[in-house]
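My numbering numbers the first residue of the sequence shown as 4 and each following residue consecutively.
Structure record follows, encoded as structure tokens.
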Amino acid sequence: MTMKFIDVTFNGGMKIDAILHPAVTAVQDAPDAAPGAPAPASTVIHTDQPVKDGGEDTAPTPFELFLASLATCAGVYAQRFCEARKISTEGLGIRVGCEFAPKGFQVTRMTFVVTPPQGFPDEYRDALVRAVELCTVKKHIMTPPAFEVVLA
């Protein structure tokens with residue numbers, strides 16, 4: 004079984020970081036540091052909260068990162084589609100519109116508007132849409148994993 008570990012560190016105020024470790028193929032290969040004393044990281048992702056929510060607004064919120072992960076994942080698939088067909092990505096763009104429910108803070112619809120690159124062949128338009136729809140992050144929302152919270 005392959006596992007990926009993410010340690011969360013608390014850096015004062017509402018600054019909370021995620022430390023991503025490389026995936027491991029067995030639990031015995033997992034980082035052996037306790038939470039709060041993480042093993043060497045491959046990536047650190049900083050988050051914060053807006054000033055109105057007690058933060059300093061120095062980094063995106065976790066929710067903004069969630070939305071950005073959907074948008075950038077779509078971008079990866081669009082770029083790979085073009086590169087596989089030796090189509091220039093100059094002018095390629097994606098804008099994601101997020102609609103929220105009238106009450107609460109729930110996204111009810113996300114619309115991905117893909118602007119094909121300059122000179123993009125018409126015969127690939129539908130295929131580009133299908134490629135963007137393959138986004139791995141979106142697939143995880145459509146078929147969510149099980150969630151479990153335990154105390155150490």
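C-beta: ideal position from N, C-alpha, C; glycine also.
- When secondary structure is reduced to three states using DSSP, L95 falls in the coil class, being assigned neither helix nor strand.
- In the three-state scheme derived from DSSP, where H, G and I count as helix and E and B as strand, L23 is classed as strand.
- Counted as a single uninterrupted DSSP element, the alpha helix (DSSP H) harbouring M145 occupies residues T139 to M145.
- When the beta-carbon positions are compared, T12 and A26 stay at least 8 angstroms from each other.
- Comparing alpha-carbon positions, the option among M113, G96, R98 and I97 lying closest to A104 turns out to be M113.
- Less than 8 angstroms separates the beta-carbon of L95 from that of C85.
- Distance from the CA of P148 to the CA of R88, rounded to the nearest whole angstrom, comes to 33 angstroms.
- In this structure, T46 and P63 do not form a Cβ contact; the two beta carbons are roughly 15 angstroms apart against a cut-off of 8 angstroms.
- In the DSSP assignment, D56 is bridged to no other residue.
- A residue is called buried once 16 or more other Cβ atoms fall within 10 Å of its Cβ, and G78 is buried on that count.
- The beta carbons of P120 and S91 sit about 6 angstroms from each other, so the pair counts as a contact at 8 angstroms.
- Only residues of its own chain outside the window of five on either side were considered, and among them V116 have a CB closer than 7 angstroms to the CB of R98, listed in chain order.
- The criterion of a C-beta distance shorter than 8 angstroms is satisfied by I48 and D20.
- For K141, the CB contacts under 8 angstroms within the same chain, skipping 5 residues up- and downstream, are L73, C76 and A77 in chain order.
- In the DSSP assignment, F69 falls within the unbroken alpha helix (DSSP H) covering P65 to A87.
- With 16 or more other Cβ atoms inside 10 Å of its own Cβ, Q52 counts as buried.
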